[in-house]
Amino acid sequence: MTFAKLSENPEYSSILPATFLHGYASAAYQIEGATSQGGRGASIWDEFLRDSPENGDTACNSYHLWRNDIELLKQYGANSYRFSISWSRIKPLGGRKDEVNHEGIKYYNDLIDGLLEAGIEPTVTLFHYDVPLSLQRRYRGFAAADSGELVEDFCSFARLCFETFGDRVKRWLTINEPWIFTILYSLGLAEDWTQPDFFRVGHNCILVHGHVARLYREEFKMTQDGQIGIALNMEWVEPVDESPAAVQAANLATERCIDWFAKPIFLGTQTNAWDRHSDIFPRFSEEELQMLNGSADFFSVNHYGTSYATGRILEPGSKLDIWTMDEVEKSWTKDGILIGRRGHNGHPHTVPWGFRKVLVYCWDHFAKALDIPIIVYENGYAMENESSMAIESIIDDTARQEYYNNYFQALCDAVKMDGVQVAGYHAWSLLDNLEWHNGYQPRFGVTFVDREAGYKRIPKKSASLLNSIWRYTVHGKRE
Ligand code: BGC
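Reminder that position 442 of the sequence shown reads as 441 in numbering that gives the first Met the number 0, one-by-one numbering, no gaps.
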């Protein structure tokens with residue numbers, strides 16, 4: 000072992016409350032498969048990956064094997080599971096006047112009932128990147144120049160979910176990672192993309208969230224007594240040195256990736272971080288800001304990794320990739336030393352202190368004043384070249400174990416030493432699910448899915464490590 004086991008350090012014993020949510024996260028397109036079964040309509044991913052050998056047609060086959068997934072969650076000691084609903088599985092064409100698909104509804108009803116029977120609390124993401132294809136064609140989905148149709152269609156889909164599942168689902172996430180979603184749209188998920196679309200998609204995500212949260216609070220919360228939030232993601236960017244240029248660049252990266260979304264939703268204000276693009280950056284009206292202000296009941300954050308800001312600001316559009324859409328140049332070395340253990344194709348490195356800084360940032364800037372807890376809904380690691388390793392090394396995933404051990408310790412430190420209120424943690428992900436990263440295939444799962452052997456699930460050691468960490472750190476869980 001290359002790390003000191005958290006579950007053997009008495010300083011961390013039972014430091015988290017018994018109510019602490021701990022478990023795994025997934026997303027519909029990445030695990031379900033059965034894209035043309037059970038009455039499901041097409042989503043933009045079916046179209047985007049149509050000619051790719053790695054597409055979601057079968058994925059992890061969870062549409063058929065969801066019972067096995069619940070067994071795994073039980074075996075792994077999870078009390079919480081976050082999954083997403085495929086919009087086009089329950090409304091194949093997506094629009095407010097389009098038909099409901101009852102087979103799709105049954106799939107999610109069974110899954111929710113199965114989770115509850117197993118003592119696992121579901122958190123449901125309404126939307127994890129998978130726009131119904133017909134809505135993309137009708138008005139360009141989230142890139143719609145006028146958000147009216149999109150808001151109405153999304154609210155009608157959300158209403159269907161609240162009416163159908165809300166008696167049992169008590170925690171909702173409206174949208175997954177608007178920051179990454181705007182980037183994916185820019186990298187080819189939307190046809191005929193132009194630079195204003197980047198800002199439009201982000202803007203529309205925030206608006207949709209606001210409308211859906213208002214709908215839930217006005218019409219469902221009183222009777223269903225649940226909570227609603229949005230899954231933001233935040234990577235940490237550290238200045239490479241103390242130079243004003245590096246410090247400013249790091250701040251700018253942070254403001255662009257998180258404040259763009261968090262400011263309107265948690266503070267009712269808007270960021271100035273995109274002033275360089277003021278001609279194409281849409282601003283919210285006062286009325287919209289009022290609606291958005293305080294529109295989440297908890298601060299949901301996803302986090303993977305940390306990089307350095309070199310101090311160089313890039314020319315707009317000079318480089319279109321996941322790291323530099325914020326126009327801030329990054330590096331993963333300082334004085335020739337790597338920032339942490341390299342993950343697959345550099346995504347992510349093991350930098351636990353960056354995770355602690357993310358939690359402190361979200362707490363200090365947003366959650367603390369509102370007295371709402373932070374819930375981590377994704378955190379995970381892809382080992383370098385895992386897909387070409389021998390099965391023994393895949394299962395004995397030491398680098399991932401080290402990552403989880405040290406990241407969970409960083410979370411505990413944020414709670415213990417920085418006074419951050421954290422109410423839950425979800426590892427990404429339960430299974431080796433479908434990933435799309437420009438053709439290189441990272442694997443994030445704590446479970447190997449053997450596709451040749453009927454999608455058999457084989458636990459990796461990181462799953463039992465996480466289980467023992469939770470037993471040790473969550474009050475009342477110790478054997
Ligand atoms: C997304 C997931 C994705 C993960 C790992 C997150 O940004 O929410 O859908 O699988 O990163 O790449």
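In this text, a Cβ means the ideal position worked out from N, Cα and C, and glycines have one as well.
Taking the C-alpha atoms as reference points, what is the distance between residue i and residue j?
i    : j    : result
C204 : A261 : 12 angstroms
I371 : V168 : 20 angstroms
R170 : G335 : 45 angstroms
E326 : K455 : 42 angstroms
D278 : E286 : 21 angstroms
C256 : H346 : 17 angstroms
A272 : S35  : 42 angstroms
I312 : P281 : 22 angstroms
P243 : A249 : 10 angstroms
T253 : L20  : 27 angstroms
E479 : R341 : One cannot answer for residue 479 here, as it falls past the ends of the chain, which runs 0 to 478.
K460 : A143 : 45 angstroms
L465 : Y75  : 8 angstroms
Which residues bound the beta strand (DSSP E) around residue i?
i    : result
Y424 : 421-426
V123 : 120-126
K329 : 327-330
A308 : 305-312
A24  : 20-24
W322 : Per DSSP, W322 belongs to no beta strand (DSSP E) and is neither H nor E.
R199 : That residue, R199, is in no beta strand (DSSP E); its alpha helix (DSSP H) goes 194-218.
N292 : From DSSP, N292 is part of no beta strand (DSSP E); its letter is neither H nor E.
S300 : It is Val, not Ser, that sits at residue 300 in the sequence shown. Note, V300: beta strand (DSSP E), 298-302.
With DSSP run on the structure shown, which of helix, strand or coil describes residue i?
i    : result
L369 : helix
A398 : helix
I84  : coil
W259 : helix
V236 : strand
W404 : One point to set straight first is that residue 404 is Asn, not Trp, in the sequence displayed. N404: helix per DSSP, three-state reduction.
I89  : helix
G187 : helix
I179 : helix
Y45  : Contrary to the premise, residue 45 reads as Asp rather than Tyr in this sequence. Helix, per DSSP.
S392 : helix
D68  : helix
A17  : coil
V375 : strand
I279 : coil
From which residue to which residue does the alpha helix (DSSP H) around residue i run?
i    : result
N497 : It is not possible to answer for residue 497, since the shown part of the chain is limited to 0 through 478.
S155 : 147-164
Y106 : 101-116
S133 : 132-138
V445 : Neither: V445 is in no alpha helix (DSSP H) and is coded neither H nor E.
N483 : This structure cannot speak to residue 483, because the chain is shown only from 0 to 478.
Query - Inter-stretch contact at 8 angstroms, needing at least 3 Cβ pairs: the segment 355-366 / the segment 312-321 - result: no
Query raised in the report: Does the segment 181-193 touch the segment 209-229, meaning 3 or more C-beta pairs lie closer than 8 angstroms?
Result: no
Report task. Decide yes or no for the touch test of the segment 85-104 against the segment 49-57: beta carbon pairs closer than 8 angstroms, at least 3 of them. Result -> no
Report task. Evaluate contact between the segment 155-162 and the segment 63-73, counting only Cβ atoms and requiring at least three cross-stretch pairs below 8 angstroms. Result -> no
Requested in this report: Answer yes if the segment 119-126 comes into contact with the segment 172-182, meaning at least three C-beta pairs across the two stretches below 8 angstroms, and no otherwise.
Outcome: Flag = yes, the segment 172-182 and the segment 119-126 touch.
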